[in-house]
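Enquirer: Residue numbers (my numbering): 3 to 556.
The beta carbon of each residue, even a glycine, is placed where N, CA and C say it ideally should be.
Note that the coordinates shown come from a computational prediction; the quantities given were computed from them, not determined experimentally.
(1) Out of 499, 204 and 503, which one is the CA nearest neighbour of residue 235?
(2) So, helix, strand or coil for residue 173, using DSSP?
(3) Assuming contact is defined by CB atoms lying nearer than 8 angstroms, are residue 321 and residue 305 in contact in what I supplied?
(4) Would you check if the distance between the CB atom of residue 153 and the CB atom of residue 478 is smaller than 8 angstroms?
(5) What's the gap between the Cα of residue 115 and the Cα of residue 133?
(6) From residue 135 to residue 207, what distance separates their C-alpha atoms?
(7) Under the assumption that residue 314 contacts residue 484 (Cβ atoms under 8 angstroms), give the Cβ distance between them as a whole number of angstroms.
(8) Tell me the rounded alpha-carbon separation between residue 249 and residue 530.
(9) When the Cβ atoms of the stretch 425 to 439 are set against those of the stretch 382 to 390, are three or more pairs found closer than 8 angstroms?
(10) Quick one: Cα of residue 461 to Cα of residue 418, how far?
(11) Note down the Cα distance separating residue 407 from residue 372, rounded to an integer number of angstroms.
(12) Under 8 angstroms by Cβ, that's how I've got residue 189 and residue 124 pegged, so tell me the actual separation to the nearest angstrom.
(13) Of the residues 167, 121 and 180, which one's Cα is nearest the Cα of residue 493?
(14) Could you please give the first and the last residue of the uninterrupted alpha helix (DSSP H) stretch that includes residue 515?
(15) Could you tell me if residue 62 is buried or exposed, where buried requires 16 or more neighbouring beta carbons within 10 angstroms of its beta carbon?
(16) Given this structure, state the Cα-to-Cα distance separating residue 92 from residue 230, to the nearest angstrom.
(17) Residue 184: buried (16+ other C-beta within 10 angstroms of its C-beta) or exposed?
(18) Cβ of residue 414 within 8 angstroms of Cβ of residue 390?
(19) Distance, Cα to Cα, residue 157 vs residue 150?
(20) Excluding sequence positions up to five away, which residues of its chain have a Cβ less than 6 angstroms from the Cβ of residue 254?
(21) Taking Cβ positions, are residue 202 and residue 237 nearer each other than 8 angstroms?
(22) Pull the bridge partners of residue 127 from the DSSP assignment, please.
(23) Counting C-beta neighbours from all protein chains within 10 Å, is the total for residue 378 16 or more, i.e. buried, or is it exposed?
(24) Have a look at residue 489 and residue 410 and give me their C-alpha separation to the nearest angstrom.
(25) Does residue 365 pass the burial test, meaning 16 or more other C-beta atoms within 10 Å, or should it be called exposed?
(26) Say yes only if the C-beta of residue 319 is nearer than 7 angstroms to one or more non-hydrogen atoms of the ligand MG, and no if none qualify.
(27) Assign residue 400 to buried or exposed, taking buried as 16 or more other Cβ atoms, counted over all protein chains shown, within 10 Å of its Cβ.
(28) Classify residue 101 as helix, strand or coil using the three-state DSSP reduction.
(29) Suppose you measure from the CA of residue 267 to the CA of residue 274; what does that come to, to the nearest Å?
(30) Report yes if the CB atom of residue 351 is closer than 8 angstroms to the CB atom of residue 316, and no otherwise.
(31) Any chance the stretch 503 to 513 sits against the stretch 293 to 305, with 3 or more Cβ pairs inside 8 angstroms?
(32) For residue 147, report the span of its alpha helix (DSSP H) as first-last.
(33) Considering Cα atoms alone, identify which of 198, 355 and 375 is closest to residue 338.
(34) Considering only their Cβ atoms, is the gap separating residue 169 from residue 196 smaller than 8 angstroms?
(35) So, for residue 200: in the same chain, excluding its five sequence neighbours on each side, which residues have a beta-carbon less than 8 angstroms away from its beta-carbon?
(36) Taking the alpha helix (DSSP H) that residue 247 falls in, what are its first and last residues?
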């Protein structure tokens with residue numbers, strides 16, 4: 003048997019010869035196209051030298067042998083597996099523009115220590131926060147700056163009102179998704195005079211680097227991606243229960259914060275001047291409290307404002323449903339059988355996007371009006387139990403509970419993708435899947451295979467929680483519309499004279515909805531037509547609006 007080093011030399015020599023031949027071809031190609039060899043990062047000669055420096059042989063499984071010390075030194079220049087990881091990390095750290103929000107969704111941090119067990123301090127010496135890693139603040143600041151570029155209307159509101167400080171004295175406790183977009187909202191509230199303490203409304207949607215940036219700027223934020231249920235409630239409590247600080251405004255998304263304050267801190271709840279709620283689930287809870295006579299503060303229903311319902315719910319979900327599914331499953335939509343449960347604004351957005359990419363979409367509905375809309379838009383309206391066996395994807399967006407039950411899950415075909423686009427995690431009966439006969443297999447972040455005894459696999463995304471904010475990102479521009487609406491609702495409730503709002507749930511005034519829309523029109527270079535005096539008189543309208551009655555359906 004020949005020496006391993008000699009074989010390596012022979013193979014390297016052969017490789018060098020082949021590359022020289024390739025170089026001749028490359029030169030001919032350059033002559034034809036006018037491309038110079040120097041235009042590429044590494045020419046053929048450099049590649050040949052690199053291959054010569056790395057001898058290979060089939061028998062070299064246990065240990066690589068080198069013909070001489072020179073070859074050994076040359077080989078050692080190439081990083082090992084550990085070295086490649088370090089090199090990759092150093093490149094990522096040195097590239098100031100390469101960090102993106104995707105890091106939030108594939109967090110590769112080696113530190114598994116719970117943030118609750120860490121003692122962290124920001125540059126101002128404050129430790130009144132709890133985030134994954136305060137050292138990520140610089141990356142988070144860049145994320146926020148990117149979001150600001152597409153949230154010009156909210157920034158415009160900030161600049162117009164920060165001199166007046168309409169929220170001076172407001173102590174806002176908030177529970178929303180903590181993303182770059184909501185960070186722009188939080189920092190706007192601070193610029194308008196508010197003191198803010200913040201937590202996350204979803205255990206998977208927090209962008210860790212953004213939370214760190216907020217903590218570094220002085221906002222008391224308690225959130226990190228991948229919280230446990232216990233962590234979730236602990237974070238809410240830390241926001242509310244602060245010695246020497248008592249909230250007088252609540253900004254909620256889902257109703258969990260409102261519920262916690264109402265149950266655990268009734269004295270604080272009674273002194274709150276107003277609640278702003280932006281989700282179907284949270285609004286439903288507020289109406290329940292109001293109906294029972296237990297809502298002792300005025301609340302603003304932002305979810306049903308035109309600027310939230312017709313833009314965030316529709317357009318945001320139309321774009322983010324595809325992003326979430328692609329990132330998690332790499333699925334191709336063309337020809338796939340999909341059922342979307344619910345044809346409200348979220349369902350309309352999802353169906354529109356899926357249909358546009360060639361999916362065969364059907365809809366389930368309880369409301370005959372929404373069902374008729376679906377039919378007129380070209381979708382079959384079906385019952386889930388009639389079609390579940392044939393479906394490749396099942397998507398819920400109803401705001402209800404147990405829309406997809408264990409019976410439905412048992413009947414699904416192998417490889418069916420199941421996910422939720424509603425706020426709450428109650429739409430899919432995930433608890434029924436945590437039984438001994440079923441096996442859970444984590445495939446990647448936010449993607450689980452639930453395996454039946456016969457080998458059938460159902461692909462469950464984000465454990466039944468909100469798909470787009472758990473598994474992807476959402477468009478900054480459309481969230482600017484919602485965030486501006488939320489900021490104005492807080493300003494309205496906080497500054498309203500006593501008696502304007504009673505202990506009930508209110509919709510945003512129509513004039514305010516129109517103002518939010520008008521702030522965003524310059525982004526499209528849109529120019530509104532103005533009514534003449536004669537036209538305004540004929541229609542019975544003020545020339546400056548509002549232009550539609552409260553009962554108008556857009």
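Expert: Working from what's here:
(1) For the options 499, 204 and 503, the alpha carbon positioned closest to that of residue 235 is the one of 204.
(2) The three-state secondary structure of residue 173, taken from DSSP, is strand.
(3) Result no, Cβ atoms of residue 321 and residue 305 do not sit closer than 8 angstroms.
(4) Yes. Within cutoff.
(5) Inter-residue distance for residue 115 and residue 133 is about 11 angstroms (C-alpha atoms, whole angstroms).
(6) Between the C-alpha atoms of residue 135 and residue 207 there is a straight-line separation of about 16 angstroms.
(7) That belief holds up - the Cβ atoms of residue 314 and residue 484 are roughly 4 angstroms apart, short of 8 angstroms.
(8) Distance between the alpha carbons of residue 249 and residue 530 is about 40 angstroms.
(9) Taking a cut-off of 8 angstroms on C-beta distances, the stretch 425 to 439 does not touch the stretch 382 to 390, as fewer than three cross pairs fall below it.
(10) When rounded, the distance between both Cα atoms is 6 angstroms.
(11) Each residue's alpha carbon lies about 23 angstroms from the other.
(12) The distance from the Cβ of residue 189 to that of residue 124 is about 15 angstroms, inconsistent with a contact at the 8 angstroms cut-off.
(13) The residue with the shortest Cα to Cα distance from residue 493 is 167.
(14) Residues 512 to 522.
(15) Residue confidence is low: residue 62 scores 38 on pLDDT, short of 50, so the model does not pin down where it sits. Its coordinate-derived value is still stated next. Exposed, by the Cβ-count rule.
(16) Caution applies to residue 92, whose pLDDT of 34 falls short of 50 and renders its modelled position unreliable; the value that the coordinates give is listed next. Taking the straight line joining both Cα atoms gives about 31 angstroms.
(17) The residue in question, residue 184, is buried, as its Cβ has 16 or more Cβ neighbours within 10 Å.
(18) Result yes, Cβ atoms of residue 414 and residue 390 sit closer than 8 angstroms.
(19) C-alpha separation (whole angstroms): 7 angstroms.
(20) Listed in chain order, the non-local C-beta contacts of residue 254 below 6 angstroms within the same chain comprise 177, 260, 279 and 284, local neighbours out to five positions each way being set aside.
(21) Yes.
(22) For residue 127, which the question treats as bridged, DSSP gives no partner whatsoever.
(23) Counting Cβ neighbours within 10 Å, residue 378 comes out exposed, since fewer than 16 surround it.
(24) Roughly 41 angstroms between the two C-alpha positions.
(25) Here residue 365 is buried, its C-beta having at least 16 other C-beta atoms within 10 Å.
(26) With respect to the ligand MG, the structure offers nothing, as it holds no ligand at all.
(27) Counting Cβ neighbours within 10 Å, residue 400 comes out buried, since at least 16 surround it.
(28) Any answer about residue 101 is weak, because its pLDDT of 32 lies below 50 and its placement is not dependable; what the coordinates show is given next. Residue state, collapsed to three classes: coil.
(29) One alpha carbon belongs to residue 267, the other to residue 274, and they sit about 11 angstroms apart.
(30) Yes, Cβ-Cβ distance for residue 351 and residue 316 is below 8 angstroms.
(31) Because the criterion of three Cβ pairs below 8 angstroms is met, the stretch 503 to 513 and the stretch 293 to 305 touch.
(32) Under the DSSP assignment, residue 147 falls in the alpha helix (DSSP H) whose first and last residues are 139 to 151.
(33) Nearest option by C-alpha distance: 355.
(34) Contact flag set, yes.
(35) Annotation for residue 200: 175, 176, 177, 178, 180, 188, 216, 221, 222, 223, 224, 225 and 241 place their beta carbon closer than 8 angstroms to its own, counting only its chain and skipping 5 residues before and after.
(36) Careful: residue 247 lies outside any alpha helix (DSSP H) and carries neither H nor E.
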